[in-house]
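**Student:** Below you will find the structure I want to go over with you.
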Amino acid sequence: MSDFSIDVREEGDVVIIATDGYLNNVGGEKIAKTCYEKIETGKIHFLLNLEKSTVVNSIGVSIIIEIIEKLQDHNGKLGYFNLAPIVEKTFSIMGLTKYSTIYASEGEAIAEMS
Amino acid sequence: MVSSTDTDQFEYYLSSLDELGEILIEADKIESVASGILRLTLGTIMASSGAIFIFHKESTSVSELCSIGIKNYSKPIKLSDSFLVNIKVYKYGHLDYDKQPDWIDSDFKEYLLSSKIKTIIPLFHKDTLLGILCVGEKFMSEVFTNIDYKILEIISNHLTKSLFNYELIKNVEQKKQELNIKLLELETLFDIGVAISSVLDIDELAHDVLLRAVGILNASKGMFVLQNEKSPISDILSKFNWGEEKFLLSKNIDVFKQMQNGNRGLILTDSHKTDLQIKLKEKNLIVVPLRAKQHFLGYMILCDKETRSGVENFNNLDLDMLTSLSNQAAVAMDNAKLFKEITEAKQFNESILGSIATGVITINSIGEVDSINKAGENILKAEKQNILGNHYMYIFEKNNEIIEIITKTENDKKICSEINIPFLTSSEDTIINISVAPRIDMNNNTEGVVIAIEDISDINKVKNTFKRYVSKQVVDNLLDDDTNLKLGGEDRDVTILFTDIRGFTSMAEKMTPEKVVLTLNEYFSEMIDIVFKYNGTLDKIIGDELMVVFGAPISSDDDTERALKTAIEMQKKIADLNKVRGKRKEPPILVGAGINKGQVVSGNIGSRDMMDYTVVGDTVNLGSRLCSAASAGEIIVSGMVKKYTEQLFSFKELKPIRVKGKKDKIDVYQVRY
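Residue numbers (the working numbering), protein chains in the order written: chain A, 1 to 114; chain B, 1001 to 1673.
Dropping the structure here:
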């Protein structure tokens, strides 16, 4: 099976997680684990670069929702950029965009979230 | 213990109820509502500890929502059927646990004892258990009063309502999520529908459908397999999340055979041991056929339906969904295939139309030009962009004849043609042949016309040049295949016929000049018709002498035969002519003919200002000598002519003759006719 991988870096207060692969149960859990570990260190603003994750399923979406809920408890934010149209549509239909934000670019996201 | 008057106590309870209202309004989560209510309850009735549990119908267990004065209990506690039946007795009241009824399950009993719970209040909404409020000892081990229990009852009612609302909201949220997923499924189907009409690349389409199917069915990976008509091995058109492993999928895989035999799709689980599962090294698969009308295209295979807790089997709803997707994909792929074929056919037609010399212009049902080939542009002397979209009446406004032909074709729905018409649209010098045919659609309706225009201006020039020398058929042959046409000068084998009027000079002396011209014109007119009838090339007319060549500029096997036939028919025609002349009291025309065969040099011979196609050489000279030797009505040929035609004609051997420039006498023969 193809591996899901993530690349994590920080830009000021914002943790940027670039994903590569299918955003499903495995992928979602990897993102969540990273987010929760960073929350423990005091980080509360997260930005997902989904350029290389062009397929997402509802399990992946439900994990993202859990991350959003967790961040709400800490007054944090979750944002995304580089979404494939099909992923953006899925996020919109599944209600993610009401509680998190899709940005046009990393620059715009950093400016908004910092 | 706080000492207070009844009024103070009443005011305290009232303030507690007021606070209860605030908690219910302000708190947004069930945990904070429960925590607030528990704190208020314990404070109001002066209890030291307590906990609120929420009941889970699916697992018939309770889990702690919040607790005060008791260590958190994180594990769910399973409740027995006996507990659930007996607890109903306390639906509108409370259970004093000091009595320790034996129907309480051991796990829960253990919790109650360790937490020093004294009172249990089941939280029922109608007959449905929603949770349990547990209250520990009253402060200073006092006994709860009836007012305390009344307060507990009032507060627990509100707590029940909150739990009910929580359940309600949870259900609504769950339904909303389910609806969202359904909406996503419908949107996916819609997107695939859009893709059918927009994506025409089969590979791209297959990959798009596969990714959507994997995502929408929560599959972990997927594969798009196409049946290869030329191979026993199926082609994996697209795969997702399957790594780099290469699978060899034979047509003979049992699961595939079942699909080919009309099976709508299969859900394969751990209990199945099919060859496909073995081949793919996977247990949970869903396989559907790709079928458009009667065409069987291939299969879509998904693997492992994901949940938060692992992998589960695909279900019939998944099968329905994937079947819908595969049906749409199959139609789309069929469309893409059809589009590819049409595009190729169009390119093929365009390449043909582009390569032919005939101009082809198509007119649509409203009379506008919708296509024109390169030859058409050349003939119209205009570029495509200036022609397309214009009405034919505008394009051919200078050519009423063409407009009439198009109109007639439209009305009669029959092919109409016209040849040799001036094409004034282009220039006065342009001569065309035109053919207009109706465009008939599949329902036999006329959808405009197709115009084929052949520019024959150049052909006419050639014909005008040659028609003085050769017959129409020879000209046509030359134009059909100009590889035969060698005008630059060459050695070639020809047969040459000479005719000459005997005694014409003395005859002409007795006639007026006008009569001489009339006589010669009548004679040559008849003779040349015969020459052209047998495809001879009229080389020259010198006075009353005629020189005709057979075999130049194009040659054929029967050149000599045609020369003899020409001479014979000429003599017979002259005999007929003389009968007419006799009736007109005119002297007869007496003609001798000579025919020779051999090598000549042919080509355009002359100066730049005056050049004629002719033949020269000894063969020509001997032909002329034979003619001179022939008497009136006689046809004399050389030995070479006799040799080539003695099977076809009868000859009489004559005495050899001596001719100028030849040392030896020449064998000559008279043709019998």
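Just so it is clear, CB atoms sit at the ideal spot from N, CA and C, and this is done for glycine as well.
Should Phe-1498 (chain B) and Gly-1639 (chain B) be called a contact, given that it needs their Cβ atoms to be closer than 8 Å?
**Tutor:** Contact: no.
**Student:** CA-CA distance, Asp-1539 (chain B) and Ile-1431 (chain B)?
**Tutor:** Roughly 28 Å between the two C-alpha positions.
**Student:** Buried or exposed: where does Glu-1064 (chain B) fall if 16 or more other Cβ atoms within 10 Å of its Cβ makes it buried?
**Tutor:** It counts as buried.
**Student:** Figure out for me which residue from B:Val-1089, B:Leu-1184, B:Val-1494, B:Thr-1060 has the closest Cα to the Cα of Thr-90 (chain A).
**Tutor:** Taking only the C-alpha atoms, the option nearest Thr-90 (chain A) is B:Leu-1184.
**Student:** Does the beta carbon of Gly-1215 (chain B) sit closer than 8 Å to a beta carbon anywhere in chain A?
**Tutor:** Output row for Gly-1215 (chain B): interface = yes.
**Student:** Do Tyr-1092 (chain B) and Lys-1118 (chain B) have their C-beta atoms closer together than 8 Å?
**Tutor:** Not a contact, by the Cβ cut-off of 8 Å.
**Student:** What does Glu-1187 (chain B) reach in chain A if we use C-beta pairs closer than 7 Å?
**Tutor:** Residues of chain A passing the Cβ test: Lys-89, Ile-93.
**Student:** Using only alpha-carbon positions, find the residue among B:Lys-1221, B:Lys-1572, B:Ser-1231 that is nearest to Asp-1304 (chain B).
**Tutor:** Here the closest residue by C-alpha is B:Lys-1221.
**Student:** Quick one: residues in its chain with C-beta nearer than 7 Å to the C-beta of Val-8 (chain A), no 5 flanking neighbours on either side, listed in chain order?
**Tutor:** So the qualifying residues of the chain are Val-15, Ile-17, Thr-34.
**Student:** Label Lys-36 (chain A) either buried or exposed according to how many other C-beta atoms from any shown protein chain fall within 10 Å of its C-beta, with 16 as the threshold for buried.
**Tutor:** The sequence shown places Tyr at residue 36 (chain A), rather than the Lys named in the question. Exposed.
**Student:** Short of 6 Å in beta carbon distance, which residues of its chain neighbour Leu-1590 (chain B), apart from the five on each side in sequence? Order them along the chain.
**Tutor:** If we look at Leu-1590 (chain B) and ignore the five residues flanking it on each side, its Cβ neighbours are Arg-1502, Ala-1632.
**Student:** Give the DSSP-derived three-state secondary structure of Tyr-99 (chain A) in the structure shown.
**Tutor:** Coil at Tyr-99 (chain A), not helix or strand.
**Student:** Report all residues from its chain with a CB closer than 8 Å to the CB of Asn-1316 (chain B); omit the five preceding and five following residues, and keep chain order.
**Tutor:** Correct list, in chain order: Ile-1267.
**Student:** Check for me: the alpha helix (DSSP H) holding Leu-1506 (chain B) runs from which residue to which?
**Tutor:** Checking the displayed sequence, the identity of residue 1506 (chain B) turns out to be Ser instead of Leu. 1504 to 1509 is the span of the alpha helix (DSSP H), which, as asked, contains Ser-1506 (chain B).
**Student:** Sort B:Glu-1344, B:Ser-1115, B:Ile-1406 by Cα distance to Glu-1368 (chain B) and report the nearest one.
**Tutor:** Cα-wise, what sits closest to Glu-1368 (chain B) is B:Ile-1406.
**Student:** Please classify Thr-54 (chain A): does DSSP put it in a helix, a strand, or coil?
**Tutor:** In this structure, Thr-54 (chain A) counts as coil in the three-state DSSP scheme.
**Student:** Let me see if you follow: with CB-CB separation under 8 Å, is Ser-1326 (chain B) close to chain A or not?
**Tutor:** Not an interface residue.
**Student:** Let me see if you follow: with CB-CB separation under 8 Å, is Leu-1211 (chain B) close to chain A or not?
**Tutor:** Leu-1211 (chain B) counts as touching chain A.
**Student:** So Gln-1328 (chain B) and Gly-1193 (chain B) are in contact, right, with Cβ under 8 Å, and what is the actual spacing, rounded?
**Tutor:** Rounded, the Cβ-Cβ distance is 6 Å, consistent with contact.
**Student:** Which value, in whole angstroms, describes the spacing of the CA atoms of Gly-1376 (chain B) and Pro-1422 (chain B)?
**Tutor:** Answer to the nearest angstrom: the Cα atoms are 16 Å apart.
**Student:** Taking Cβ positions only, does Glu-1306 (chain B) come closer than 8 Å to chain A?
**Tutor:** Taking Cβ atoms only, chain A reaches closer than 8 Å to Glu-1306 (chain B), which makes this a yes.
**Student:** Indicate the three-state DSSP secondary structure (helix, strand or coil) for Phe-1649 (chain B) in the structure shown.
**Tutor:** Reduced to three states, the DSSP call for Phe-1649 (chain B) is coil.
**Student:** What runs of the beta strand (DSSP E), each 3 residues or longer, lie entirely inside the region 7 to 73 of chain A?
**Tutor:** Runs of the beta strand (DSSP E) inside the region 7 to 73 of chain A: 14 to 20, 45 to 52.
**Student:** Which term fits Glu-1634 (chain B), buried or exposed, when burial requires 16 or more other beta carbons within 10 angstroms of its beta carbon?
**Tutor:** Buried, since its Cβ has 16 or more Cβ neighbours within 10 Å.
**Student:** Name the two residues that bound the continuous alpha helix (DSSP H) containing Asp-1376 (chain B).
**Tutor:** Here residue 1376 (chain B) turns out to be Gly, not Asp, going by the sequence shown. Start and end: 1374 to 1380.
**Student:** Helix, strand or coil for Tyr-1534 (chain B), going by three-state DSSP, please let me know.
**Tutor:** Residue state, collapsed to three classes: coil.
**Student:** Verify whether the separation of the beta carbon atoms of Ala-1206 (chain B) and Leu-1302 (chain B) is less than 8 Å.
**Tutor:** Against a cut-off of 8 Å, the Cβ pair of Leu-1302 (chain B) and Ala-1206 (chain B) comes out as no contact.
**Student:** Could you tell me the alpha carbon to alpha carbon distance between Ile-1169 (chain B) and Lys-1175 (chain B), rounded to whole angstroms?
**Tutor:** So the two alpha carbons sit approximately 10 Å from each other.
**Student:** Take Asp-1008 (chain B) and list the residues in its own chain whose beta-carbon comes closer than 8 Å to its own, dropping the five residues that flank it on each side.
**Tutor:** Counting only Cβ-Cβ distances below 8 Å, and skipping sequence neighbours, we find nothing.
**Student:** Within a Cβ cutoff of 7 Å, which residues of the same chain sit near Tyr-1013 (chain B), ignoring the five residues on either side of it in sequence?
**Tutor:** If we look at Tyr-1013 (chain B) and ignore the five residues flanking it on each side, its Cβ neighbours are Thr-1044, Ile-1151.
**Student:** If the criterion is Cβ atoms closer than 8 Å, does the pair Leu-1285 (chain B) and Leu-1276 (chain B) meet it?
**Tutor:** Contact: yes.
**Student:** Just to confirm my understanding: we take Glu-1526 (chain B), look at its own chain, exclude 5 residues before and 5 after, and list those with CB closer than 7 Å. What are they?
**Tutor:** Lys-1573, Leu-1577, listed in sequence order.
**Student:** I'd like to know whether the C-beta of Leu-1183 (chain B) is nearer than 8 Å to at least one C-beta of chain A.
**Tutor:** Interface residue, yes.
**Student:** Does the beta-carbon distance from Ser-58 (chain A) to Met-94 (chain A) come in below 8 Å?
**Tutor:** It is a contact, given that the beta carbons lie within the stated cut-off.
**Student:** To test your reading of the DSSP string, which unbroken beta strand (DSSP E) runs of 3 or more residues are found completely within the region 1013 to 1071 of chain B?
**Tutor:** Qualifying beta strand (DSSP E) stretches, in chain order: 1050 to 1056, 1061 to 1068.
**Student:** Could you name the residues of the same chain whose beta carbon sits closer than 8 Å to that of Asn-1218 (chain B), not counting the 5 residues immediately before and after it, in chain order?
**Tutor:** Excluding positions up to five away in sequence, the list reads Lys-1305, Glu-1306, Thr-1307.
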